[in-house]
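*Asks:*
Number of protein chains: 2
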Amino acid sequence: MKIQAVKGTRDFYPPQMAVRNFIVDGWKAASIRNGFVEYDGPIFEYLQMYQIKSGDEIVEQLFNFEDRGGRHLAIRPEITPTLARMVNQQINALARPIKWFSVPRLCRAERPQKGRLREFFQWNIDIIDVEDVLADAEVVYCSLDYLRSLGLTSKDVVAKISSRRLLAAVLKNIGIPETQLDSLYPILDKKPKIPVGAFVELLEKEIDNPDTVRMIVKLMDVQSVDDIPALVKLNDEEQAALDELTQVFARLKQMGVVDFCRFDMGIVRGLAYYTGMVFEIHDVAGDLRAICGGGRYDNLLSDFGGPKVTATGMGMGDAVLEILLREKGLLTDDSVAVQTLDYFVACVDDALFNRAVELTAKIRQKGYSANLNYKTNTLKKQIKAADSMNASRCIIIGGELKESNQLVVKDMKTGQQELIDADTFLK
Amino acid sequence: MKIQAVKGTRDFYPPQMAVRNFIVDGWKAASIRNGFVEYDGPIFEYLQMYQIKSGDEIVEQLFNFEDRGGRHLAIRPEITPTLARMVNQQINALARPIKWFSVPRLCRAERPQKGRLREFFQWNIDIIDVEDVLADAEVVYCSLDYLRSLGLTSKDVVAKISSRRLLAAVLKNIGIPETQLDSLYPILDKKPKIPVGAFVELLEKEIDNPDTVRMIVKLMDVQSVDDIPALVKLNDEEQAALDELTQVFARLKQMGVVDFCRFDMGIVRGLAYYTGMVFEIHDVAGDLRAICGGGRYDNLLSDFGGPKVTATGMGMGDAVLEILLREKGLLTDDSVAVQTLDYFVACVDDALFNRAVELTAKIRQKGYSANLNYKTNTLKKQIKAADSMNASRCIIIGGELKESNQLVVKDMKTGQQELIDADTFLK
């Protein structure tokens with residue numbers, strides 16, 4: 534009986550697994566470099582937990598089920614709720630500030646499309662209990678530090694940065710009531726993805742005053758923080774929000790990544806839960822979905838029943854990233870090795886095969902990687918096998934061992950061979 | 534609203550995550566040392582796939598659900614069916630023999646108990662298309678190579694080895710019809726876990742002839758392959774099965790791990806699908822469940838609709854292993870570091886804080902790990918923070934930078950301090 538993989542999931546054969554490891558290992562290295570420590574949670578949680586942050590609509594996007602105890606559970610579509618639950622549970626025992634990262638496997642019951650799969654991996658970094666925007670800047674820095682380490686430059690990727698706090702202040706300033714903000718954000722979030730006409734139409738459905746609509750369109754096109762005061766007369770609260778964002782850029786300059794960064798009022802992020810700086814990193818060409826996104830969400834822990842403790846963070850999926858790296862030639866099928874091997878043991882004489890088995894085990898015990906051919910074969914075929922495994926050296930067991938107890942050690946790169954006494958080898 | 538984790542799952546706070554990484558990284562290193570390459574599959578598959586190998590009873594042990602397309606899916610309880618599916622799908626494109634490993638997250642809807650959780654990690658290694666028992670021996674070797682690398686000796690763990698082929702041959706020899714074998718295996722598998730009396734009772738329910746029952750009890754107690762011919766007069770098929778098992782032990786001797794190995798006719802493995810050598814590694818004291826188990830399963834690929842290609846492999850979970858390592862003192866809360874850091878940047882002067890931000894980013898860009906305090910504080914408190922992160926060095930930014938552009942670099946182990954010019958540091 535032939536069975537297929539489920540649509541929207543991926544099989545990681547060794548070449549695809551090598552790519553996944555290349556990405557995930559890079560995420561881990563960047564996290565550690567930037568002083569984050571790793572955590573993880575279960576692959577499934579109570580369904581209810583995902584409704585707190587994202588409302589009932591999220592249920593549609595979840596793989597959910599009931600266990601034999603009648604519990605309503607769901608495979609995790611994101612790890613932030615788990616983070617909030619875990620931090621809340623131990624809030625009094627954990628040393629703060631908390632700088633945690635994770636590289637969870639996540640699942641969403643979406644229609645698969647380019648850069649969007651039903652099962653994917655996502656890098657998450659979060660800094661909890663640092664009120665200063667230095668933490669916001671550090672989250673942007675860490676994301677860029679990773680992308681830069683892959684060879685991407687400011688010609689390839691751009692961090693578009695804005696502030697929910699500033700946006701809210703300015704919108705209230707031009708007459709939008711506080712209660713209307715949450716329904717306005719998803720519309721503003723659509724702006725970069727749709728034509729201006731369609732955007733204006735959506736706004737007009739939500740807002741009666743054509744002047745306000747025109748003002749919003751203008752605001753969303755502002756290219757620098759400094760241009761805002763010319764458009765809107767700022768009160769103290771708005772000025773404070775603006776100063777905060779200016780400070781984020783100052784920090785990013787000190788960190789040496791400001792070339793990658795740009796103010797963009799159009800970065801809103803769909804979710805209601807952001808409270809301060811928000812950002813997304815995009816390919817400069819703008820052909821792909823966001824590479825990553827995040828921001829400050831100071832109410833998350835308290836929304837999950839915990840104390841009022843501030844937080845800022847970021848999530849980066851593997852799918853869009855892989856597409857971008859391939860497009861830029863920074864990841865090819867040949868650039869990540871499926872296997873490398875220190876030694877390949879080739880035996881060309883049946884009578885010596887036991888010695889090949891012995892030697893292979895001895896090499897492994899010494900901590901080196903080794904394979905042997907499961908039977909004697911022509912040297913040519915075995916060298917080919919060694920090559921396919923990217924072996925550094927091939928040890929040939931044949932006449933020399935019989936005659937003078939010597940191993941032939943062939944350097945697979947240079948082709949040079951040397952004879953080594955079998956008893957002293959790896960001693 | 535307070536929400537808990539689901540019973541039987543684990544939260545991996547940084548200390549627990551460090552332990553998980555210690556185990557999983559060790560599995561990966563042993564796999565690579567032994568010439569395996571990594572693969573992985575999706576976290577969920579068609580429910581039906583798990584019924585092929587394990588029958589309908591498995592459904593009870595699965596977290597299964599229906600997606601919006603009406604597909605019956607299940608979170609994977611093991612990865613072997615995925616392996617069979619993946620290999621079958623590409624059987625003509627894959628270079629053989631195939632030596633693959635994986636460290637999947639798996640879920641079973643079981644009642645949680647000691648060493649058995651509803652969510653766990655499992656190391657899997659498999660060798661496909663090597664008929665020779667050398668591959669069986671290599672699977673046992675690789676498992677022991679890993680355990681030995683942790684510091685476990687033959688006084689701690691024992692590999693109990695038997696053969697399904699030999700067992701089947703001998704059972705047929707003493708009059709058990711072939712059709713009865715599959716219902717007999719689960720009973721024999723229980724033998725080490727229940728008193729002799731209860732074992733005999735179970736056998737008597739299955740077998741009418743008291744002589745046959747007595748013979749089986751005797752056979753299950755045989756301590757050496759060499760003792761079998763004295764109990765049963767062997768025909769050619771039985772002799773061949775016995776020779777094969779003798780050869781497994783000969784290979785394990787060549788590999789230098791025979792001290793860890795013992796013949797045990799009582800190792801049967803519950804599942805019907807094994808066809809040759811079978812083994813389990815146990816703690817010598819016998820207090821715990823098996824640390825790992827596996828064997829040869831030559832029909833698996835064909836059971837999943839593929840060609841008749843041989844296979845042998847092993848699975849090792851993290852739960853029993855962790856209990857054993859803690860019991861033996863080979864894993865303690867202090868033996869795995871939650872975090873290590875190359876540099877901690879401590880600023881003791883507000884006016885210099887921007888320089889601390891700059892420097893931290895510079896260190897990270899150079900590839901070293903670094904953290905800074907998010908605000909100036911007393912030196913004592915910052916040194917304490919550096920200590921809690923296991924920082925190797927602490928850089929103190931204060932008067933020396935102001936006066937002579939110098940950084941104080943403190944070695945956290947020796948306590949020694951040196952002055953380094955800020956411009957040449959890490960140049």
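Residue numbers (the working numbering), protein chains in the order written: chain Y, 534 to 960; chain U, 534 to 960.
C-beta: ideal position from N, C-alpha, C; glycine also.
Keep in mind it's a predicted model, so treat the numbers as computed, not measured.
When we look at the beta-carbon of U/P610 and count the other beta-carbons within 10 Å, is it buried (16 or more) or exposed?
*Replies:* Taking the first residue of the second sequence as position 1, residue 610 of chain U is located at position 77. By the Cβ-count criterion, U/P610 is buried, with 16 or more other Cβ atoms from all chains shown falling within 10 Å of its own Cβ.
*Asks:* Could you list which residues in chain U have their beta carbon closer than 8 Å to that of Y/V871, in chain order?
*Replies:* Counting from one through the first sequence, the residue named residue 871 of chain Y turns up at place 338. Ordered by position in chain U, the residues that pass the 8 Å Cβ test against Y/V871 are V570.
*Asks:* Using 8 Å as the Cβ pair cut-off and three pairs as the minimum, do the region 814-825 of chain Y and the region 732-749 of chain Y touch?
*Replies:* no
*Asks:* Counting C-beta neighbours from all protein chains within 10 Å, is the total for U/R629 16 or more, i.e. buried, or is it exposed?
*Replies:* One-based indexing of the second sequence puts residue 629 of chain U at position 96. With fewer than 16 other Cβ atoms within 10 Å, it is exposed.
*Asks:* How many angstroms separate the CA atom of Y/G826 from the CA atom of Y/L857?
*Replies:* Reading the first sequence from its first residue, position 293 is the one you call residue 826 of chain Y. Reading the first sequence from its first residue, position 324 is the one you call residue 857 of chain Y. For the pair Y/G826 and Y/L857, the Cα-to-Cα distance works out to about 16 Å.
*Asks:* Comparing C-alpha positions only, which one of Y/N567, Y/F545 and Y/S564 sits nearest to U/E571?
*Replies:* Counting from 1 along the second sequence, the entry for residue 571 of chain U is found at position 38. U/E571 has its Cα closest to that of Y/F545, out of Y/N567, Y/F545 and Y/S564.
*Asks:* Which residues mark the beginning and the end of the alpha helix (DSSP H) in which U/F812 is found?
*Replies:* Your numbering for residue 812 of chain U matches position 279 in the second sequence. U/F812 -> not in any alpha helix (DSSP H); beta strand (DSSP E) instead, spanning M810 to D816.
*Asks:* Taking Cβ-Cβ distances shorter than 7 Å, what residues in chain Y pair up with U/K535?
*Replies:* Numbered from 1 along the second sequence, position 2 holds the residue referred to as residue 535 of chain U. Proximity of chain Y to U/K535 at the Cβ level (cut-off 7 Å) is accounted for by G838, in chain order.
*Asks:* Measure the C-alpha to C-alpha separation of Y/R604 and Y/Y579 and round it to an integer number of angstroms.
*Replies:* For this step, residue 604 of chain Y is matched to residue 71 along the first sequence. For this step, residue 579 of chain Y is matched to residue 46 along the first sequence. Roughly 7 Å separates the two Cα atoms.
*Asks:* Report buried or exposed for Y/A818, applying the criterion of at least 16 other Cβ atoms within 10 angstroms of its Cβ.
*Replies:* Counted from its first residue, the first sequence places residue 818 of chain Y at position 285. By the 10 Å Cβ count, Y/A818 comes out exposed.
*Asks:* Between the beta-carbon of U/I929 and the beta-carbon of U/K943, is there less than 8 Å?
*Replies:* Position 396 of the second sequence, counted from the first residue, corresponds to residue 929 of chain U. Position 410 of the second sequence, counted from the first residue, corresponds to residue 943 of chain U. Yes.
*Asks:* Using alpha carbons as the reference points, say which of U/F837, U/K960 and U/M847 lies closest to U/L892.
*Replies:* Stepping through the second sequence from its first residue, residue 892 of chain U is reached at position 359. When each option's Cα is compared against that of U/L892, the closest is U/K960.
*Asks:* In chain Y, what lies closer than 8 Å to U/F654 by C-beta?
*Replies:* Here the question's residue 654 of chain U lines up with position 121 in the second sequence. Identification of chain Y residues near U/F654 by a Cβ-Cβ cut-off of 8 Å yields none; the smallest Cβ-Cβ distance measures about 10 Å.
*Asks:* Counting pairs of Cβ atoms below 8 Å between the region 836-849 of chain U and the region 650-660 of chain U, do you hit three or more?
*Replies:* The answer is yes - the region 650-660 of chain U touches the region 836-849 of chain U, with three or more Cβ pairs under 8 Å.
*Asks:* Return the first residue and the last residue of the beta strand (DSSP E) that Y/N904 is part of.
*Replies:* Translated into the one-based positions of the first sequence, residue 904 of chain Y becomes position 371. Y/N904 -> beta strand (DSSP E) spans A903 to L905.
*Asks:* Who does Y/A924 pair with in a DSSP beta bridge?
*Replies:* Here residue 924 of chain Y is taken as the residue at index 391 of the first sequence, counted from 1. The partner list for Y/A924 (beta bridge, DSSP) reads Y/L874.
*Asks:* Only counting the same chain, and skipping five residues up and downstream in sequence, which positions put a Cβ closer than 8 Å to that of U/E593?
*Replies:* Taking the second sequence and counting its residues from 1, one reaches residue 593 of chain U at position 60. A642.
*Asks:* Under 8 Å between C-beta atoms, does U/V539 make it to chain Y?
*Replies:* Reading the second sequence from its first residue, position 6 is the one you call residue 539 of chain U. For U/V539, the nearest CB of chain Y lies under 8 Å from its own CB, placing it at the interface with that chain.
*Asks:* Can you tell which of U/K586, U/K647, U/Q655 and U/F596 has its C-alpha closest to the C-alpha of U/D558?
*Replies:* Within the second sequence, residue 558 of chain U is the residue found at index 25, counting from 1. If we check each option's Cα against that of U/D558, U/Q655 comes out closest.
*Asks:* Does Y/Y674 come within less than 8 Å of chain U when only Cβ atoms are used?
*Replies:* Your numbering for residue 674 of chain Y matches position 141 in the first sequence. True, the Cβ-Cβ gap to chain U drops below 8 Å.
*Asks:* Taking 8 Å as the cut-off, decide whether the C-beta atoms of U/M922 and U/N904 are in contact.
*Replies:* In the second sequence, residue 922 of chain U corresponds to position 389, counting from 1. In the second sequence, residue 904 of chain U corresponds to position 371, counting from 1. Yes.
*Asks:* Less than 8 Å between the CB atoms is what I'm expecting for U/V663 and U/T873, so what's the real figure, rounded?
*Replies:* Residue 663 of chain U sits at position 130 when you count from the first residue of the second sequence. Residue 873 of chain U sits at position 340 when you count from the first residue of the second sequence. Between U/T873 and U/V663 the Cβ distance is about 41 Å, and since that is not below 8 Å, they are no contact.
*Asks:* Which residue comes first and which comes last in the beta strand (DSSP E) that contains Y/L778?
*Replies:* In the first sequence, counting from the first residue as 1, residue 778 of chain Y sits at position 245. No beta strand (DSSP E) holds Y/L778; the alpha helix (DSSP H) holding it covers D769 to Q787.
*Asks:* Taking only beta carbons into account, state which residues of the region 804-826 of chain U come closer than 7 Å to chain Y, listed in chain order.
*Replies:* Interface annotation for the region 804-826 of chain U against chain Y: empty, criterion Cβ-Cβ distance under 7 Å.
*Asks:* Quick one: is Y/Q949 buried, meaning 16 or more other Cβ sit within 10 Å of its Cβ, or exposed?
*Replies:* Indexing the first sequence from 1 puts residue 949 of chain Y at position 416. The residue is exposed, with fewer than 16 neighbouring Cβ atoms inside 10 Å.
*Asks:* Using CA atoms only, rank isn't needed, just tell me which of U/A701, U/I694, U/P725 and U/Y901 is closest to U/F796.
*Replies:* For this step, residue 796 of chain U is matched to residue 263 along the second sequence. Selected option, being the one with the closest Cα: U/I694.
*Asks:* What are the start and end residues of the alpha helix (DSSP H) that includes Y/K738?
*Replies:* Taking the first sequence and counting its residues from 1, one reaches residue 738 of chain Y at position 205. Where Y/K738 is concerned, the enclosing alpha helix (DSSP H) stretches over V729 to E739.
*Asks:* In chain Y, which residues lie less than 8 Å from U/R926 when you measure between Cβ atoms?
*Replies:* Translated into the one-based positions of the second sequence, residue 926 of chain U becomes position 393. Going along chain Y, no residue has its Cβ under 8 Å from U/R926, so there is no contact; the nearest lies around 14 Å.
*Asks:* Taking only beta-carbon atoms, is Y/D665 less than 8 Å away from chain U?
*Replies:* Mapped onto the first sequence, residue 665 of chain Y falls at position 132. Yes - at least one Cβ of chain U is within 8 Å of the one on Y/D665.
*Asks:* In the DSSP assignment, find the beta strand (DSSP E) that holds U/E599 and state where it starts and stops.
*Replies:* Working through the second sequence from its first residue, we reach residue 599 of chain U at position 66. Run containing U/E599: N597 to E599, per the beta strand (DSSP E) assignment.
*Asks:* If contacts are defined as beta-carbon pairs under 8 Å, then U/D573 and Y/M550 qualify, I think. What distance do you get, rounded to the angstrom?
*Replies:* Counting from 1 along the second sequence, the entry for residue 573 of chain U is found at position 40. Counting from 1 along the first sequence, the entry for residue 550 of chain Y is found at position 17. Contact between U/D573 and Y/M550 holds, with the beta-carbon distance rounding to 6 Å and staying under 8 Å.
*Asks:* Answer yes if the region 697-713 of chain U comes into contact with the region 880-888 of chain U, meaning at least three C-beta pairs across the two stretches below 8 Å, and no otherwise.
*Replies:* no
*Asks:* Can you tell which of Y/K946, Y/F793, Y/K586 and Y/M798 has its C-alpha closest to the C-alpha of Y/Q756?
*Replies:* Looking up residue 756 of chain Y in the first sequence gives position 223. Comparing Cα positions, the closest option is Y/M798.
*Asks:* For the beta strand (DSSP E) containing U/D954, name the first residue and the last one.
*Replies:* If you number the second sequence from 1, residue 954 of chain U lands on position 421. Per DSSP, the unbroken beta strand (DSSP E) holding U/D954 starts and ends at Q950 to D954.
*Asks:* Who are the near neighbours of U/P614 in its chain, counting only those whose CB is closer than 8 Å to its CB and skipping five residues on each side?
*Replies:* Here residue 614 of chain U refers to the residue found at position 81 when the second sequence is read from its first residue. So the list reads E578, M582, Y583, I585, K586 and F837, once near-sequence residues are dropped.
*Asks:* Y/L864 and Y/V636: beta carbons closer than 8 Å?
*Replies:* Taking the first sequence and counting its residues from 1, the one referred to as residue 864 of chain Y is at position 331. Taking the first sequence and counting its residues from 1, the one referred to as residue 636 of chain Y is at position 103. Contact flag unset, no.
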